[in-house]
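Protein chains in written order, with the numbering used here: chain A, 1 to 181; chain B, 1001 to 1685; chain C, 2001 to 2320; chain D, 3001 to 3219.
Below is one structure, written out as structure tokens, with a few remarks after it.
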Amino acid sequence: MYRLLRKIALTAKVVVPEKELLLLDTETLGQELSSSIKKLFQGSLSIREVAAGSSNAEEQELTALSNSYYDIERFGIRFVASPRHADMLFVSGPVSRNMTEGLRRTYAATPDPKIVVAIGDGAIDGGVYRDSYGVWNSVSDVIPVDFQIPGDPPSPKVVLASLLKILRETEKSTDVSSENK
Amino acid sequence: MEFLLTPASVLLLFAFFFIGSVGAVFIERLFSDNGKMAGFWGHGFALLGSLLGLAISVSVLFFGQGIAFTLPTVFPNFLLDFRLDGIAAFFFGIISLVSALASIYGFGYQKHFYGKYRLGVFSFFYNAFIASLLLVPIANHALFFLLAWELMSVASYFLVVFENQKEENIKAGFLYFLMTHFGTVFVMIAFFLAYKATGSFLFDDWRAATGTITPLIQGIIFGAALIGFGTKAGIIPLHIWLPEAHPAAPSHVSALMSGVMVKTALFMLFRFFFDFFPGAPMEWGLVIILIGSLSALLGILYALSENDIKRLFAFSTVENVGIILLGLGAGVTFFSIGLESFALFSLAAALYHTLNHAIFKSLLFLGAGSVVEATGTRNMESYGGLIKLLPFTAGFFLVGSLAISAFPPFNGFASEWLTFQSLFIGMTSAEMIIKVVFFIAIGSLVFTSGLAAACFVKTFGATFLARPRTEEAKNAKEVSVFMLLPMGILALLSFLLGINATTVVASLIAIIASIGLIRPVTLQFPFSEFIQARADFAAILPLESIALLLGLVFLLSFGAIWFVTRSRKIVVGPTWDCGTPLGPRGEITSGSFSRSLVTIFRGILRPTRQSTVEYHDEDMRYFIKSQEIRTSMSDPYRKGIYQPIGVVLHFLASQARRIQSGNVNMYILYLFLTLIILLLWATHV
Amino acid sequence: MNTLLFIFQLLIVPALSPLGIGFIRKVKARMQNRVGASVFQPYRDLWKLFQKDEVISEDASWIFRFSPYLIFAITILIGASIPVIAAVPVALDFLPSFSFLPAGDFLVIIYLFALMTFFLALSGMDTGSAFGGFGSSREMMVAALAEAGLLFSLLAVSVTAESGNVVAMVGNLQYLPLQALFPLLIAFLAFIIALLAENARFPVDNPATHLELTMIHEAMILEHSGKRLALMEWAAANKLLIFILLAVNLFFPWGVSLSYDSFSGLLVSTLLVVGKSAILLFGIAFLESTMAKFRIFRVPDLLLTSFVLGVIALAISITF
Amino acid sequence: MFEHFAQFFFFLDLIAFIAVIGMHLVKSNTNIIRLYFLQSLSVGVLLFSVGLVEGEHSLLWIGVLTLVIKSIVAPIFFARLLRRFSAQQSANNYLSVPLTLFVLLLLVLFSYSNTFLPLGVLAPEALGSISLGLASVFMAIFLLINRRGAFSQMIGILALENAIVLLASFIGLEQPIALEVGIIFDIVIWIVIATAFISMMYRQFKSLDVSRLTHLRED
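What follows is the structure, encoded as structure tokens:
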């Protein structure tokens, strides 16, 4: 036990600095959130991940988010079990026929104000499974989508950066817009 | 008001019941509306009688000195001697209160029997039952008491087997009849021993002759009384008839039986240990406490594993009888080691729990009655979601469950808190044996209250919450106002009795002191600054301020939160079941709820499980067509104690049959031989 | 002046309890070598949940809608009646009899917590989802068995302190010689086990898990959303802080000031209480990081050991 | 009242005693009726003479009544009954004759033994006839046990009746008249029942043998 504790105490704290994340240029498609919602979810955000026929690639990347390198929790973001507790829905994979009902129910079960993020190429436009008989090609065909994070699968850094950009970008732009107003 | 204190009022009371019972039989013949008028007549007069009884007991308790009179009878040694002193008036009051409310409930419940059973007969036995219940505390002559006791047993037997189309009711009735008379045998032993020791059947002479009884005789009398009245009260080894008989009776009768008839047995135990032969040695107190803790713990464990709603309440009656016995046993122990005022206090706790249990148990049984009336079955597995269909019943049922699980603002908590305090006092006494026994009592009481909370979450949840699991539960409808009114009154009473616990305990201490052998002195309680029981005033935990605080804090937080979140919307959607449209079969039922606790206590409960599998093709045994799992509780008492006794009796009986050879001459020979033997014995003795 | 103290006493526990939860999460993160959310994250979570709308199941009855408020109110009531910084019951100036003293009786506290668990389990069962039902069944099992250990440990303290009221106990315990407090150590162990069981902490239930088979407390609040979820989380935090304060002030009573007037006494007592609670919270977090969760049917043995420890403590404290 | 006529009463008692013994030994039913006639005759005469001696008019009537009913009506009635069922011969015992005699001896010794000395104090001068009467009571009961035929058992009960009356009169228990009439009335009723019973039994079992009744017992 003692050796474990000593190892914990001594190992260096290595975590992706926030600045580096903000500088990453990721093109996130989707219009701005209103400032009130942004301010609301600034401090704390709970995400419910829905795998709608995904190839589990996006899920691997998302689990990596809560390790000590990326450590999503320091931004007040955490993954929750029930859509009732969730604010944001991460939907991955082209929505398969038998997941449609499940996805619609999850969407209905999430209280407002809620954000839907289609993560990974599969979710955005069907990716490699496009136009196959079993899928709807994209999440937006089933439920309204607010943001998209492209990539097959997008790396954790990209996901984290886009998340921060979704929640914080207007500051910069408001500073910008407030300046030029 | 003075009229209520005269013997005439008591006779008028029994006249009401007489008219109610006999009249109903004729009424039923006159009107051909399958018993509707007879039912109203019977329940009406029962209501009148009980209200008069309530008035008498209130006037005796608070204004008068008590009623005592004697009616001579034909037989020399048999006097109808009535005596209504403080303690008898208290029980008289409880009985008449619960029977009044049960009769009101009966008006609504009787349409359950139209056309199926004869309501005239029901009213006859119903009035006879209540009359005999009221006779028991008032009887002051041993034989008169035995008459009332027997009348009570017989009347309740006929009420238990009233719905005789169901086979299990008949069996339950037979077992009940057998066990009560087993108990009555011991009661008679106690009475006749007392008669032999004191030379008279009058209880007053017994009270006077306290000094002259040898300890041995007193011990046997106490033992016989404990077994006799214990059978009627339903202490653990003798309880097997209670969960059979109480559910079989119509609901308002089982409310009477569970809430009140059990209390008459405890009343007589109190009389025997404190009124007739006070000064029982300490060992009796410890024995009562051990029986009490055993009954409490095992009673609630069996209630927990029960799926039939009325059997569950019957087992919980066994548990509450155990708790009352704890208070009584503590009283006997303190009295024997000289702490009279603490004895007074723990007896007040026992009587308070008797009153509370009579109220919330009858509330729960009436609630169960209306649920059974609405759904038509007693099996909790087929209920579910009834709170939306029977809103008032659910509300009152919740109040009853809160009261019985002893939660603060209600009366159950007040009496359990008092029982705890009296057990704490016993714990600090000098003797080691007393300390050990009181430890066991506290341990069993705390486990019992924890399991009681779990049991009543299960009962309320499985019956009223979530979605209806069967068709009957789906189209259940709210019961008539006659059935809701008594439940409402009982719920209000159980709240009021919880709130002003102080005044109730003060009057109880006065009642017990009225027996004249214990004078309340100032008590110094080691455990709580809140108990000050001086001569005339007993202040216990101010439950009303706790209730007030809880109410205030609830309103404050509710208002603040409502203000903060008033602009938020509430959307009503389907229950979240991981996206799959799970039907009502997915929710938890009473059996699965108690499965974890039953598995933990499997050593005691010994659950049995048979699973039968049916394959499509017997020898291939790969594809299962259907699988059935049947879980149930084995009944150790019936297998362990009553079965062997039955076998032995049967064997003896079959031996005795051989004497009946069928030959007339043989019988005359037996006669002749006995004649000769008697002659020899007569001349030589 | 008393009114101010009365309000202070009323609000101290709900105000500080999210801080306790935040501190435990921070230590657990640190143990996993993560930065972890800030200590004030629970406040933000609560604030966000209060702003959100609610989705309530159509099968839910009025019990589902009102029990969060009742549960929250119970924790506030108990929080106001236990000794936090000073062990002296405060009553309103204009209504002297209206104080929190009666609610401080240790039996009342145990039964109020049982009432809270009662309604928590009912609201879990109300929506008819399988998780809620099983969560309530396991919660009632744990609560039924933990109550024994809880009662016996508090009883041992009350026997040593010769008083039934939690606030008065702390006052009396300070004057007792040290060896009189020896049985309290055993009682403390029993109390800690009961604490872990009642607050769904580690060996009994994993607060962060969402695994249907193991979660007890989480399963019951799966259906709650918006302000009702916030109330449930806050009530759970309050309950944890109350247990921590009881454990700290009852079993290590030194330093708790006996009156509100001396400012220096209050300062010392505040520091001591915060320090002791921090140590206890660190202990819980440490336990959660280094220990595996017990299988559900090993929990009764744990609770039985707490019961036996309580009985031993009581036996010792009675004989001496 | 017994001093002068002790011998005469003892003689009557002896006749009754011998009648009962005869009932055990005789084979045919008609003889049993004749012996019963003899016994009731002796009882009747005794009662009549006691009435005469005591000057009790009521006793006289009782004596006449017993004579008429017991010794005249009953035997004729029974004889006609026997003729109807033509069962004159079927009277046999469980025990063989020597054994019956041995049991009778035992009973006589028992009644003469000193167990019944206290009874003597009631009528000191008639000690012999008391024990004789007692013996006849015991023997009448034994007759019921020993006889196999239903008819002889009927007569046995009536003989027991007479023996009791005899014994009572010797002990001086001339009961109040109501009891006497009661006993006589009893006999009349008994006769009616006996005929009904016999005819039913006969119609059912075609014989008066009691042992046939055993299979009536339900197992």
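For every residue, glycine included, the Cβ atom is placed at its ideal position computed from N, Cα and C.
As the structure is a prediction and not an experimental result, all values here were calculated from the model.
In the displayed model, B/T1006 falls within coil according to three-state DSSP, outside both helix and strand. Within the same chain, and ignoring the five residues on either side of A/G134 in sequence, the residues whose Cβ sits closer than 6 Å to its Cβ are S96 and R97. The alpha helix (DSSP H) runs of length 4 or more contained entirely in the stretch 86 to 166 of chain A are, from start to end of the chain, 97 to 109 and 121 to 125. In this model, A/I72 and C/V2013 are separated by some 30 Å (Cα to Cα). No residue range can be given for B/Q1165, since it is assigned to no alpha helix (DSSP H) and is classified by DSSP as neither H nor E.
Taking 7 Å as the cut-off between beta carbons, none of the residues of the stretch 1366 to 1379 of chain B comes near chain D. By the Cβ test, the stretch 2264 to 2273 of chain C is not in contact with the stretch 2103 to 2116 of chain C, since fewer than three Cβ pairs between them sit closer than 8 Å. For B/I1629, the enclosing beta strand (DSSP E) stretches over residues I1624 to M1633.
Per DSSP, B/G1603 is one residue of the alpha helix (DSSP H) stretching across R1602 to L1605. For B/A1068, the enclosing beta strand (DSSP E) begins and ends at I1067 to L1071.
Neighbours of B/P1574 in chain C, taken as residues at a C-beta separation under 8 Å, are given in chain order as S2057 and E2058. Interface with chain C (8 Å Cβ-Cβ cutoff): A/I143 is excluded. Listed along chain B, the residues sitting closer than 7 Å to D/Y3094 by beta-carbon distance are N1665. If the five residues before and after A/V145 are omitted, its C-beta is found closer than 7 Å to the C-beta atoms of V116, A118 and V139, all from its own chain and listed in chain order. Interface residue (Cβ-Cβ distance to chain B less than 8 Å): A/T106 is classified as such. The Cβ of B/T1599 sits closer than 8 Å to at least one Cβ of chain C. Taking 7 Å as the upper bound on Cβ-Cβ separation, chain B lies near residues M2125, D2126, T2127, G2128, S2129, A2130, G2133, F2134, S2136, S2137, R2138, M2140, M2141, A2143, A2144 and L2145 of the stretch 2124 to 2146 of chain C. About 21 Å separates the Cβ atoms of A/F79 and A/I124, ruling out a contact at the 8 Å cut-off. According to the DSSP assignment, B/E1472 belongs to no beta strand (DSSP E) but to the alpha helix (DSSP H) extending over E1471 to K1474. Among the bridge pairs identified by DSSP, A/F79 is matched with A/I47. Around the beta carbon of C/N2249, a 10 Å sphere encloses 16 or more other beta carbons of the protein chains shown; the residue is thus reported as buried. Around the beta carbon of B/Y1352, 16 or more other beta carbons lie within 10 angstroms, which makes this residue buried. A direct Cα-to-Cα measurement between D/V3020 and D/A3159 gives close to 7 Å.
A distance below 8 Å separates the beta carbons of C/L2181 and C/L2173. The Cβ atoms of B/S1156 and B/F1182 lie no closer than 8 Å to each other.
Here the stretch 1086 to 1095 of chain B makes no contact with the stretch 1017 to 1029 of chain B; the two share fewer than three CB pairs at distances below 8 Å. Restricting attention to beta strand (DSSP E) runs no shorter than 3 residues, the stretch 1240 to 1299 of chain B encloses none. When CB distances to chain B are screened at a threshold of 9 Å, the residues of the stretch 108 to 119 of chain A falling below it are A108, A109, P111 and D112, in chain order.
Burial is judged here by how many other beta carbons sit within 10 angstroms of a residue's own beta carbon; D/L3052 has fewer than 16 and is exposed. Contact with chain B is found for A/S82, since one of that chain's Cβ atoms lies less than 8 Å from the residue's Cβ.
Rounded to the nearest angstrom, the Cβ distance from B/F1413 to B/G1498 is 6 Å, consistent with a contact under 8 Å. In terms of Cβ geometry, B/G1108 and B/M1483 form a close pair [threshold 8 Å]. Within the same chain, and ignoring the five residues on either side of C/L2010 in sequence, the residues whose Cβ sits closer than 6 Å to its Cβ are A2080. Scanning its chain for C-beta atoms nearer than 6 Å, with the 5 sequence neighbours on each side dropped, one finds around B/A1245 the residues V1160, A1172 and Y1176, in chain order. Membership of C/V2055 in the beta strand (DSSP E) is indicated by the continuous run E2054 to S2057. Closest option to D/T3030, judged by alpha-carbon separation, among D/I3076, D/P3098 and D/S3040: D/I3076.
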